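Enquirer: The number in the working numbering is simply the position in the sequence shown, starting from 1, with 3 added.
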Amino acid sequence: MTRLPDTWIDVAIPLPLYQTFHYKLPPDLINHVTLGSRVLVPFKNRKLLGFVVGFPKEGFPKAKPILEACPESFFSKEKFDLLQWISNHYAAPIGEVIKATVPLLKSKNPKKPKPFLFPKLSYTRPTALNEDQKKVLALLVQALNKKEFSPFLLHGVTGSGKTEIYLSIIEHAIQKQKTAIVLVPEISLTPQLLFRFQTVFPNQIAVLHSGLSQNQRHYEWTKIQAGKALIVLGARSAIFAPLQNLGVIVVDEEHDTSFKQEEKIRYHARNIALVRGQIDGALVILGSATPSLESMFNVTQKKLTYLSLPNRVQNRPLPKIELIPLNQNKTILEPPQIFSKPLLNALQETLHKKEQAILLLNRRGYAPVLLCQSCGYVPKCPHCNVGLTVYLKTNRLLCHYCNQSQSIPKTCKDCEHETLLTLGIGTERVEAELHTLFPDARIDRMDRSSTRKKNSLHRLLKDFSDQKTDILIGTQMLAKGHDFPNVTLVGVVLADTSLNFPDFRAPEQTFQLLTQVAGRSGRGQKPGRVIIQTFHPDHYCFKYAQNHDFLGFYKEELTYRQMANYPPYIKLFNFKIRHPNLLKAKTKIESLAKKIQKIRSQDPQIAVLEVLGPAPAPFSKLQGQYRFHLLVKSPSYALGQRLLKNLLQEEAFFTSSPKIHIDVDPLNLL
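1. Thinking L674 and V139 are a contact (beta carbons under 8 Å), I'd like their distance in whole angstroms, please.
2. In the DSSP output, which residue or residues are listed as bridge partners for C73?
3. Nearest to G159 by alpha carbon, out of T182, L147, V56 and D135?
4. Drop a sphere of 10 angstroms on the beta-carbon of R451, count the other beta-carbons inside from all chains shown, and report buried for 16 or more, exposed for fewer.
5. To which residues of the same chain is G409 closer than 6 Å at the C-beta, ignoring the five residues directly before and after it?
6. Using DSSP's beta-bridge definition, name the partner residues of K50.
7. I'd like to check one pair, R445 with T430: are the Cβ atoms closer than 8 Å?
8. Which stretch, first to last residue, makes up the alpha helix (DSSP H) that contains M526?
9. Quick one: what's N577 bridged to in DSSP?
10. What is the residue span of the beta strand (DSSP E) that M449 lies within?
11. When the Cα atoms are used, what is the spatial distance from L147 to Y93?
12. Measure the alpha-carbon distance for S110 versus G98 and round it to whole angstroms.
13. Less than 8 Å between the CB atoms is what I'm expecting for W11 and P59, so what's the real figure, rounded?
14. Would you call the segment 277 to 285 and the segment 255 to 267 touching, i.e. three or more CB-CB distances under 8 Å?
15. Roughly how many angstroms lie between the CA atoms of K226 and F514, to the nearest whole one?
16. Tell me whether Q644 counts as near the ligand ZN, meaning its Cβ is closer than 7 Å to at least one heavy atom of that ligand.
17. Skipping 5 residues on each side, what residues in its chain have a beta carbon closer than 8 Å to that of S40?
18. Do H258 and G627 come within 8 Å of each other at the CB atom, strictly closer than that value?
19. Going by CA-CA distance only, name the one from K456, Q608, G164 and D666 that's closest to F633.
20. Buried or exposed: which applies to N402, given that a residue is buried once 16 or more other Cβ atoms fall within 10 Å of its Cβ?
21. Report yes if the CB atom of I16 is closer than 8 Å to the CB atom of L38, and no otherwise.
22. Taking all protein chains shown into account, do 16 or more other C-beta atoms lie within 10 angstroms of the C-beta of M566, making it buried, or fewer, making it exposed?
23. Rounding to the nearest angstrom, what Cα-Cα distance links I573 and Y640 in this structure?
24. So within the segment 274 to 341, which uninterrupted beta strand (DSSP E) runs reach at least 3 residues, ignoring any that extend past its ends?
25. Once DSSP output is grouped into helix, strand and coil, what is the label at F656?
26. To the nearest whole angstrom, what separates the beta carbons of G703 and A370, a pair I think is in contact under 8 Å?
27. Of the residues P245, Y21 and L423, which one's Cα is nearest the Cα of L650?
28. With F622 and L673 assumed to form a contact (beta carbons below 8 Å), what rounded beta-carbon distance in angstroms separates them?
29. For C544, tell me which candidate among G214, L321, N318 and L516 has the shortest Cα-Cα distance.
30. Let me know the alpha helix (DSSP H) ranges lying completely inside the segment 78 to 112, each 4 residues or longer, listed in chain order.
31. For E613, report the span of its beta strand (DSSP E) as first-last.
32. Is it right to say D541 is buried, meaning 16 or more other beta carbons lie within 10 angstroms of its own, or is it exposed?
33. Determine, using beta-carbon pairs with one atom in the segment 204 to 216 and one in the segment 281 to 289, whether at least three such pairs fall under 8 Å.
34. Kindly indicate which three-state DSSP category F155 falls into: helix, strand or coil?
35. Give me the Cα-Cα distance between L249 and K181, rounded to the nearest whole angstrom.
36. Taking just the CA atoms, how far does Q407 sit from P583?
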């Protein structure tokens with residue numbers, strides 16, 4: 004190893020600190036330290052592990068010497084460039100970025116992960132691509148041969164064969180001694196995609212996801228480092244896999260919000276994929292049937308090249324979509340209308356033909372509200388400012404945010420009357436109603452509540468794939484890329500649930516959800532049908548979904564975003580506080596607002612930033628913590644980062660309790 008030119012190093016400590024620290028390198032350790040080395044250092048009155056992130060040219064005579072060093076480098080110069088970008092862009096301490104993206108502890112007992120238990124799947128690869136696929140693949144191969152960063156947005160309707168494009172371009176990459184990363188929203192919900200990759204590339208794939216133990220993750224990580232895996236397939240954290248000669252990065256379902264991490268380092272894997280592609284000179288493919296508005300906007304800004312697969316494979320038609328208006332004249336106390344006559348008739352017809360149906364309702368439980376008809380009392384979670392959801396099967400009231408539960412009372416807590424009534428519908432109630440209407444049908448339910456037990460999700464998918472289930476009810480989990488050829492009917496029980504969220508992205512997310520779940524219908528030889536029940540059949544979101552008109556929706560939604568001054572026209576920076584003491588949380592967020600106002604008054608450029616709040620979050624208390632938001636709208640990242648740089652000069656203000664969390668490009672504003 005080349006002798007280091009100096010005897011001082013910069014060390015990042017994996018703590019919420021926005022600075023690095025200078026240490027002296029003893030002569031006997033000079034040949035044991037390089038960029039990415041792990042070192043043991045004295046830090047105040049403790050001994051902590053840190054990472055070498057720099058070699059300052061000037062000396063620091065008062066710097067303390069390091070205590071120990073591990074000769075292995077945990078990241079390359081290119082990987083560090085990526086980590087540094089994440090730290091700067093997301094205003095995250097570099098030490099915590101490293102901790103979140105690099106396995107810190109070496110396992111003494113690496114353990115091979117258990118193979119995924121697939122439902123009964125078969126996969127026969129098409130002998131040839133269709134003309135649309137050939138055109139797309141030719142452009143991607145041309146870009147791959149350039150050996151430089153080439154970002155694409157692949158917009159293909161549901162069932163258009165995007166996966167075959169991924170497989171084909173990765174084959175080309177491997178032939179050129181290149182490697183590939185494939186990101187999916189959730190591994191457990193995409194067994195068919197994983198099965199296809201493992202069929203085409205046997206013994207060449209490493210799988211990374213949050214369900215791995217530390218020993219299993221270390222096994223896969225070591226396998227990748229040793230070059231025994233040419234393809235890494237996984238959820239968002241797989242973007243940090245230590246692959247060499249990276250040629251292709253695929254982000255499948257790039258619109259999916261699960262690519263954004265909501266805790267600690269609040270990065271978006273799609274953005275990291277683009278930056279890593281730029282650093283590694285790789286081809287990046289963002290694929291979706293319903294691309295995010297940000298990605299479509301980046302096409303118009305020449306930041307992405309647009310590719311299209313406008314037709315389903317084998318010229319199969321897209322399903323016919325019907326909008327069914329629900330009765331708006333019912334009073335709140337009347338029993339809810341779960342199934343319209345057209346949906347009931349369609350279910351009956353589907354069962355008669357021995358075909359399968361999927362029913363979507365993006366709300367768990369039996370009912371979202373328990374109401375006393377006498378006094379209006381609604382049981383709420385003692386730790387969260389939200390109502391408790393009714394689960395009739397287990398006779399429990401459950402909080403979906405902290406899992407607090409209690410028995411369903413027989414009398415009202417306030418007035419002691421026996422006049423308690425369930426309001427609204429959830430997946431459990433839909434299931435119960437179906438069992439009453441179709442007693443001979445085989446019915447199952449797929450949501451977070453029904454899939455908590457080990458292998459329960461696998462069983463559900465296997466039974467449905469094996470056609471042992473006639474009707475599968477579920478939440479948005481059902482829309483995640485499943486391919487069941489015998490499904491000819493998709494019913495959306497209540498399409499308005501996501502549309503009513505207090506979020507400017509609600510129409511976009513509703514359109515995406517409806518389009519994705521509709522795409523589960525008619526994927527085999529039989530044509531598909533979709534029935535959407537809604538209280539707002541004239542809403543533009545539903546009209547465009549009915550006509551499979553993504554571009555029409557995109558243009559109209561973009562107009563509203565521009566009028567309201569929201570992304571993609573501006574950049575958002577959300578400052579969040581969570582604390583069990585209401586007064587402390589409120590005081591801290593108000594102090595932050597004053598600091599921002601002071602900076603704006605002193606800097607004319609920052610003065611153009613729009614500040615919303617501070618204000619209580621839409622969910623003002625969760626898990627015993629009071630929540631406040633302060634939202635900043637900036638015309639550019641540069642101006643927003645300029646504000647952050649000014650604010651972070653007072654590092655202690657941000658890191659002291661109540662801690663301020665910075666969310667750049669927030670997706671969850673609730």
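Glycine residues also receive a C-beta, built at the ideal position from the N, C-alpha and C atoms.
Quick caveat: nothing in here was measured; it's all calculated off a predicted structure.
Expert: Considering the structure as presented:
1. The requested residue 674 does not occur in the structure, where the chain is confined to residues 4 to 673.
2. One-based indexing of the sequence shown puts residue 73 at position 70. According to DSSP, which records beta bridges pairwise, C73 is partnered with R41.
3. Position 156 of the sequence shown, counted from the first residue, corresponds to residue 159. Among T182, L147, V56 and D135, the Cα nearest to that of G159 is on D135.
4. Counting from 1 along the sequence shown, the entry for residue 451 is found at position 448. So R451 counts as exposed.
5. Position 406 of the sequence shown, counting from 1, holds the residue named residue 409. Inspection of the sequence shows that residue 409 is occupied by Gln rather than by Gly. Beyond the five residues adjoining it in sequence on each side, Q409 comes within less than 6 Å, by CB distance, of L400 in the same chain, given in chain order.
6. Here residue 50 corresponds to residue number 47 of the sequence shown, with the count starting at 1. Per DSSP, P45.
7. Position 427 of the sequence shown, counted from the first residue, corresponds to residue 430. Position 442 of the sequence shown, counted from the first residue, corresponds to residue 445. Not closer than 8 Å, so no.
8. As a first step, residue 526 is located in the sequence shown; it is residue number 523 there, counting from the start. As written in the sequence, residue 526 is Arg, which differs from the Met given in the question. First-last for R526: undefined, no H or E at that position.
9. Translated into the one-based positions of the sequence shown, residue 577 becomes position 574. Per DSSP, L634 and D666.
10. Here the question's residue 449 lines up with position 446 in the sequence shown. Its beta strand (DSSP E) spans residues I446 to M449.
11. For this step, residue 147 is matched to residue 144 along the sequence shown. For this step, residue 93 is matched to residue 90 along the sequence shown. Cα-Cα distance, rounded: 30 Å.
12. Looking up residue 110 in the sequence shown gives position 107. Looking up residue 98 in the sequence shown gives position 95. Residue confidence is low: S110 scores 49 on pLDDT, short of 50, so the model does not pin down where it sits. No coordinate-derived value is stated.
13. For this step, residue 11 is matched to residue 8 along the sequence shown. For this step, residue 59 is matched to residue 56 along the sequence shown. Yes, W11 and P59 are in contact; Cβ-Cβ is about 5 Å, under 8 Å.
14. no
15. Walking along the sequence shown from the start, residue 226 turns up at place 223. Walking along the sequence shown from the start, residue 514 turns up at place 511. Computed Cα separation, rounded: 40 Å.
16. Although the ligand ZN was asked about, the structure shown includes no ligands whatsoever.
17. The residue labelled residue 40 in the question sits at position 37 within the sequence shown. Exclusion of the five residues before and after S40 leaves F54, V55, A72, C73, P74, E75, S76 and F77 as the residues of its chain whose Cβ lies within less than 8 Å of its Cβ.
18. In the sequence shown, residue 627 corresponds to position 624, counting from 1. In the sequence shown, residue 258 corresponds to position 255, counting from 1. No; because the gap between Cβ atoms is not below 8 Å, this pair is not in contact.
19. For the purposes of this step, residue 633 is identified with residue 630 of the sequence shown, where counting begins at 1. Correcting the residue identity first, residue 633 is Leu in this sequence and not Phe. Closest option to L633, Cα to Cα, is D666.
20. Residue 402 sits at position 399 when you count from the first residue of the sequence shown. It should be noted that the sequence gives Cys, not Asn, for residue 402. Result: buried.
21. Numbered from its first residue, the sequence shown carries residue 16 at position 13. Numbered from its first residue, the sequence shown carries residue 38 at position 35. In this structure, L38 does not lie closer than 8 Å to I16 by Cβ.
22. Reading the sequence shown from its first residue, position 563 is the one you call residue 566. With fewer than 16 other Cβ atoms within 10 Å, it is exposed.
23. The residue given as residue 573 occupies position 570 in the sequence shown. The residue given as residue 640 occupies position 637 in the sequence shown. Distance between the alpha carbons of I573 and Y640: 9 Å.
24. 286 to 291, 308 to 312 and 323 to 328
25. For the purposes of this step, residue 656 is taken as residue 653 along the sequence shown, with counting starting at 1. DSSP places F656 in helix when its eight states are reduced to three.
26. In the structure displayed, the chain extends from 4 to 673; residue 703 sits before or after that span and is not available.
27. The sequence position of residue 650 within the sequence shown is 647, counting from 1. The shortest C-alpha separation from L650 is found at Y21.
28. The count along the sequence shown starts at 1 and reaches residue 622 at position 619. The count along the sequence shown starts at 1 and reaches residue 673 at position 670. With 8 Å as the limit, F622 and L673 qualify as a contact, their Cβ atoms being about 5 Å apart.
29. Position 541 of the sequence shown, counted from the first residue, corresponds to residue 544. For C544, the nearest C-alpha among the options comes from L516.
30. 80 to 92 and 97 to 104
31. In the sequence shown, the residue the question calls residue 613 occupies position 610. Per DSSP, E613 belongs to the beta strand (DSSP E) from E613 to L625.
32. Here the question's residue 541 lines up with position 538 in the sequence shown. Exposed, since its Cβ has fewer than 16 Cβ neighbours within 10 Å.
33. With a cut-off of 8 Å on Cβ pairs, the segment 204 to 216 is not in contact with the segment 281 to 289, counting fewer than three such pairs.
34. Position 152 of the sequence shown, counted from the first residue, corresponds to residue 155. Strand.
35. By one-based count along the sequence shown, residue 249 stands at place 246. By one-based count along the sequence shown, residue 181 stands at place 178. Using only the alpha carbons, I get a separation of about 6 Å.
36. For the purposes of this step, residue 583 is taken as the residue at position 580 of the sequence shown. For the purposes of this step, residue 407 is taken as the residue at position 404 of the sequence shown. Straight-line Cα distance between these residues: approximately 17 Å.
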